[in-house]
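Engineer:
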């Protein structure tokens with residue numbers, strides 16, 4: 028403390044100041060240290076790992092530079108995995124937003140019982156993805172599941188949800204949307220409640236029907252909410268894991284980028300370097316998306 | 020129709036009916052699968068290994084639960100999950116309170132950058148850090164231990180962010196008055212700031228509880244000893260040992276044990292939980 032005081036004699040209050048700084052550090056340091064050790068350190072270490080040819084558990088690793096990246100992007104694997112990731116993300120985000128908005132519109136009329144409906148629809152969002160996946164796996168089972176029995180009653184054969192990759196991906200998308208729909212509905216509901224009633228009334232007086240009012244007044248006013256939801260649901264879809272591994276243990280249909288990173292790193296051949304490359308690619312995608320969000324939000328603030 | 024009360028809020032127009040149908044459909048889509056899973060947890064092989072739609076078990080078989088508990092020691096797993104959830108969420112909230120207090124009420128050059136550094140962690144999913152953290156924790160001997168399970172997830176950007184927002188909205192005069200009365204930072208924190216922010220703290224705590232209880236990837240990686248597994252991790256073990264269709268009942272019994280505690284908490288505190296999850300992002 029005295030050293031600092033001596034260096035900057037200009038500040039008479041130095042002692043008190045330094046005490047204040049130390050207090051700040053005492054408050055903040057435990058969390059910051061944990062973040063540094065368990066988030067930032069591994070983040071950069073992961074990038075380093077991604078340049079190695081290294082089997083998890085082995086003491087030896089060979090530096091291969093960008094070799095892992097080249098292997099991934101030059102082989103057919105990148106297009107396969109990235110296509111699966113894109114299909115999963117676009118389908119889950121699109122369905123979650125459209126269905127969530129539908130439910131929010133119904134909730135917004137504040138009918139008796141709407142509170143109960145809102146809580147019920149939200150509930151799956153907070154459940155264990157792994158547990159939810161198992162419960163639905165039983166329903167989807169092509170032989171003994173409830174869904175196949177219902178389909179048979181209406182004269183349809185159950186698709187091979189478990190053994191045919193495209194159907195597996197479809198199944199996982201359906202269950203993921205089921206689980207996340209309530210989140211979008213609640214966020215949209217908050218957006219809808221902020222839509223000024225006078226605007227809708229004015230449109231009504233101008234002779235716009237309910238459909239037109241929705242598309243010309245409500246939907247444009249909801250665009251910030253839509254944008255927010257789009258970003259958050261894209262980010263969480265890219266990180267979806269529990270549900271996928273519960274329903275598609277070997278990753279035959281729903282092998283998205285993150286699922287691939289787990290399987291190649293910890294299962295199969297335990298290729299830790301290759302796995303680190305995959306999660307680095309995922310992180311790069313997340314950073315780009317977040318930056319896009321920040322830039323767009325910034326723009327919106329300026330225009331207001 | 021006859022029951023239409025003279026209230027201005029509800030009129031049974033076609034639109035009201037349509038919206039009721041939408042809500043009813045949405046509720047059924049959520050409740051039916053969960054109810055079906057719950058009923059399946061009481062079904063024996065006869066009700067399960069059939070192509071017919073059996074909703075209610077012909078023979079109720081609560082033994083599924085004891086059988087699940089034999090295959091995987093669910094009592095122990097429940098204890099592990101509870102320990103990890105209470106300790107993990109408790110420490111996370113404490114860290115968030117301290118960090119948010121420092122960021123709002125203490126002075127420090129470059130405080131803004133510390134905040135951005137903490138906030139930016141919300142962009143880093145645990146999956147990206149899992150592999151290096153696994154290598155690091157296992158080199159310290161943390162495999163199959165409580166501390167190895169809890170420690171890497173404690174640093175929190177989300178909790179800090181939410182509590183910082185809440186602390187900034189507190190009436191400054193009250194805290195200033197305490198300051199003038201000679202209360203130091205520590206006293207001001209626990210006697211002024213925390214009591215005034217209890218709803219936000221509860222929200223952060225609930226989000227952390229849900230997150231810790233459901234966490235799957237990290238326990239999957241760091242725990243291999245069945246005695247140290249958390250509940251979702253234990254389900255994997257059960258799923259691997261129960262591949263026959265007729266044993267779905269046992270698997271569903273295990274699943275009910277994972278889902279039900281969180282559903283019960285949600286039933287009581289749903290408003291706080293919904294608020295927590297819809298304010299600023301997804302991560303605990």
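Chains as they are written, first to last, in the working numbering: chain A, 28 to 331; chain B, 20 to 303. Glycine included, every Cβ here is placed at the ideal spot set by N, Cα and C.
1. Need the endpoints of the beta strand (DSSP E) that residue 52(B) sits in, please.
2. Spell out whether any CB of chain A is found under 7 Å from the CB atom of residue 236(B).
3. List the endpoints of the continuous alpha helix (DSSP H) containing residue 6(A).
4. From residue 41(B) to residue 66(B), what does the alpha carbon distance come to, in whole angstroms?
5. Cβ of residue 246(B) within 7 Å of Cβ of residue 104(B)?
6. Counting only the same chain and skipping the five closest in sequence on each side, list residues whose C-beta sits under 7 Å from that of residue 321(B).
7. Can you tell which of 43(B), 127(B) and 142(B) has the C-alpha that lies nearest to the C-alpha of residue 147(A)?
8. Could you have a look at residue 20(B) and say whether DSSP puts it in helix, strand or coil?
9. What's the gap between the Cα of residue 230(A) and the Cα of residue 246(A)?
10. Between residue 300(A) and the rest of its own chain, which residues show a CB-CB distance below 8 Å, the 5 nearest in sequence each way excluded?
11. Who are the Cβ neighbours of residue 135(A) in its own chain at under 8 Å, not counting the five residues just before and after it?
12. Are any of the Cβ atoms in chain A nearer than 7 Å to that of residue 126(B)?
13. Starting from residue 294(B), follow the alpha helix (DSSP H) in both directions and report where the run begins and ends.
14. Measuring only the C-alpha atoms, how far is residue 138(B) from residue 99(A)?
15. Provide the residue span of the beta strand (DSSP E) that contains residue 80(A), from first to last.
16. Do residue 117(B) and residue 255(A) come within 7 Å of each other at the CB atom, strictly closer than that value?
17. Within the chosen definition, does the region 181-194 of chain A reach the region 88-98 of chain B through at least 3 CB pairs nearer than 8 Å?
18. Straight-line CA distance for residue 80(B) to residue 63(B)?
19. Would residue 45(A) pass as an interface residue toward chain B - the criterion being a Cβ-Cβ separation below 7 Å?
20. What in chain B is Cβ-close to residue 314(A), meaning under 9 Å?
21. Express the C-alpha separation of residue 212(A) and residue 124(A) in angstroms, rounding to a whole number.
22. Would you mind sorting residue 266(B) into buried or exposed? The rule is 16 or more other CB atoms within 10 Å of its CB.
23. Quick one: list the residues of chain B neighbouring residue 264(A), beta-carbon separation under 9 Å, in chain order.
24. Taking residue 210(A) and residue 152(A) to be in contact with their CB atoms under 8 Å, please state how far apart those CB atoms are, rounded to whole angstroms.
25. Please check if any C-beta of chain B sits within less than 7 Å of the C-beta of residue 58(A).
26. Excluding sequence positions up to five away, which residues of its chain have a Cβ less than 6 Å from the Cβ of residue 292(A)?
27. When burial is assigned at 16 or more other CB atoms within 10 Å of the CB, is residue 344(A) buried or exposed?
28. For residue 51(B) and residue 227(B), I'd like the C-alpha separation in whole angstroms.
29. Return no unless some Cβ of chain B is closer than 7 Å to the Cβ of residue 136(A).
30. Tell me whether the region 210-221 of chain B and the region 174-187 of chain B touch, counting them as touching only if at least three CB pairs, one residue from each stretch, are closer than 8 Å.
31. Does residue 23(B) get closer than 7 Å to chain A when you measure Cβ to Cβ?
32. When you compare only the Cα positions, how much space is there between residue 234(B) and residue 93(A)?
33. Going along the chain, which residues of the region 153-172 of chain A sit with their C-beta nearer than 8 Å to a C-beta in chain B?
34. Does DSSP put residue 69(B) in a helix, in a strand, or in coil?
35. Based on Cα-Cα distance, which residue from 199(A), 267(A), 182(A) and 140(A) lies nearest to residue 166(A)?
36. Taking the alpha helix (DSSP H) that residue 89(A) belongs to, which residues open and close that run?
Structural biologist: Quick answer:
1. That residue, residue 52(B), is in no beta strand (DSSP E); its alpha helix (DSSP H) goes 33-59.
2. yes
3. Because chain A here runs from 28 to 331, residue 6(A) falls outside it and cannot be looked at.
4. 32 Å
5. no
6. No answer is possible for residue 321(B): it lies beyond the span of chain B, which begins at 20 and ends at 303.
7. 43(B)
8. For residue 20(B), the predicted structure reports a pLDDT of 39, less than 50, and the residue's modelled location is therefore unreliable. A value from the coordinates is still provided. Coil, per DSSP.
9. 13 Å
10. 76, 77, 78, 79, 80, 81, 88, 91 and 95
11. 216, 219 and 220
12. yes
13. 267-297
14. 32 Å
15. 79-81
16. no
17. no
18. 6 Å
19. no
20. 142
21. 8 Å
22. buried
23. Neighbours of residue 264(A) on chain B: none; closest Cβ ~11 Å, over 9 Å.
24. 5 Å
25. yes
26. 299 and 302
27. This structure leaves residue 344(A) out entirely; chain A is present only between 28 and 331.
28. 28 Å
29. yes
30. yes
31. Low confidence applies to residue 23(B): its pLDDT is 45, below 50, so where it sits in the model is not reliable, and the reading given next is rough at best. No, residue 23(B) does not count as interfacial toward chain A.
32. 33 Å
33. 153, 154, 155, 156, 157, 158, 159, 161, 162, 163, 165, 166, 168, 170 and 171
34. coil
35. 199(A)
36. Segment 88-90 is the beta strand (DSSP E) holding residue 89(A); no alpha helix (DSSP H) there.
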